[in-house]
């Protein structure tokens, strides 16, 4: 992965070994000046903070190391192919109660990933065991259920599509294991993507101070409503510099409802390829705005084709909510869920049109490689899932007589790089192949091994 100077993307779950003990200071302020009550967030926070919890996890990281064949030859055929090492870990994070009656708590997937034991500390000091109902690594959301707990307080969920840059925000979580902490700021930006934190990125950016341990905590508005789940920060050495990111509440709501209904996320697929609508592209097509998602290809048999979308369309809204970028479109469609009916606002030939689309399920969307690169013809690809434990593009099917197969590509291979560019999903693979390179240096993960295949 390419390293950025000074700035690094940091997930906000906290390892116990990183707990710090900073010095804090406070000063008493008057409650009123000239008989006028001073503004305060305290009344709102008194209602909201009981819904935010601290999460402590324990588990084991399993590392597999392949044993060189020379050792197996020396010790005999019964010598194992690989060595398995287990390393215990402990970590801290935050969570938000979204259903008091059923004890449902939402947090980040990376907070509980690999945990054997999950312990939740409530605002009143009670400690409760939690059960993992389901999670989704590609959107970094997990849903927990608290055991036999009464007198819980749930948070109200806002419509995050109504957010505007400049709206006030309050972040609540458990930074550095200090216990519940509240900070404030504003919405700095909306629809942030391309940060390589998750597969589906449509972040709220805020300057409210958030740090390690805030993962899974609440980002709320001044009404005390949940507008996002704090997920990551951008800063030197993992520290806060006023650039934090949260998963929008509407995405959280869609994902948790799917986990509750199906036990997993049934990702929706529109079936288009495209990119951002740049000012140059907008000018070339005669559009005055560069907000929207440009469609450069509609996949055969896809939901988009059935609905009547065409290459050259610009998608500007989903269910009457404005779309700013292709990445935002991708994230919203993926998290709405398979089988959902979606109304798309489209610009075509300077005119606004409406299309109703029924989303297909992601598992139905294996991509044939014929149109990506002639040397890959005969193979089919899909994005990896949480079960693969690797982000990349998986070879789901390959014709044994194809050129790619003769070069050594096999079913089950996971492409994680192309010509020294990291590949995390099909979109990145398409983009890397847009220039039609004459030589493909594929970085492949095959089982526990990594190798390069050179395809000409």
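Residue numbers (mature numbering (1 follows the signal peptide of the UniProt record, and there is no 0)): -27 to -1, 1 to 429.
Think of the CB as a built atom: it goes at the ideal place given N, C-alpha and C, for glycine as much as any other residue.
In the structure shown, residue 127 adopts coil according to DSSP, grouped into three states. By the Cβ rule, the region 139 to 157 does not count as touching the region 109 to 121, because fewer than three pairs are nearer than 8 angstroms. Beta-bridge pairing by DSSP links residue 77 to 72, 118. Under the 10 Å beta carbon count, residue 237 is surrounded by fewer than 16 other beta carbons and is classified as exposed. With a beta-carbon spacing of about 7 angstroms, residue 85 and residue 108 fall inside the 8 angstroms limit used to define contacts. Across the set 15, 19, 80, the C-alpha of 19 shows the shortest separation from the C-alpha of residue 96. With respect to the C-alpha of residue 414, the residue from 399, 349, 137 having the closest C-alpha is 349.
The continuous beta strand (DSSP E) containing residue 165 extends over residues 154 to 165. Taking 8 angstroms as the cut-off, the beta carbon of residue 215 is found no closer than this to the beta carbon of residue 203.
Residue pairing by DSSP places residue 141 opposite 159 in a beta bridge.
In its chain, beyond the 5 residues on either side, 255 have a beta carbon closer than 7 angstroms to the beta carbon of residue 262. Looking from the CA of residue 70, the closest CA among 229, 380, 423, 376 belongs to 229.
Between residue 27 and residue 389, the alpha-carbon positions lie close to 35 angstroms from each other. In this structure the region 267 to 277 touches the region 241 to 252; the number of beta carbon pairs closer than 8 angstroms is three or more. Taking every protein chain shown into account, the CB of residue 179 has 16 or more other CB atoms within 10 angstroms, so this residue is buried.
Separation of the CB atoms of residue 110 and residue 308 is rounded to 13 angstroms, and the pair is thereby denied contact status at 8 angstroms. Residue 15 is not a Cβ neighbour of residue 72, given a cutoff of 8 angstroms. Annotated three-state conformation of residue 150 is helix, per DSSP.
In the three-state reduction of the DSSP assignment, residue 195 falls in the coil class, being assigned neither a helical nor a strand state.
Distances from the CA of residue 117 to each of 17, 76, 405 were compared; the closest alpha carbon is that of 76.
The beta-carbon separation of residue 406 and residue 366, rounded to 11 angstroms, does not stay under the 8 angstroms limit for a contact. Looking from the CA of residue 331, the closest CA among 233, 306, 297, 355 belongs to 306.
Taking C-beta separations shorter than 6 angstroms and ignoring five residues to either side along the sequence, the partners of residue 192 in its chain run 142, 144, 200, 201, 203, 219, following chain order.
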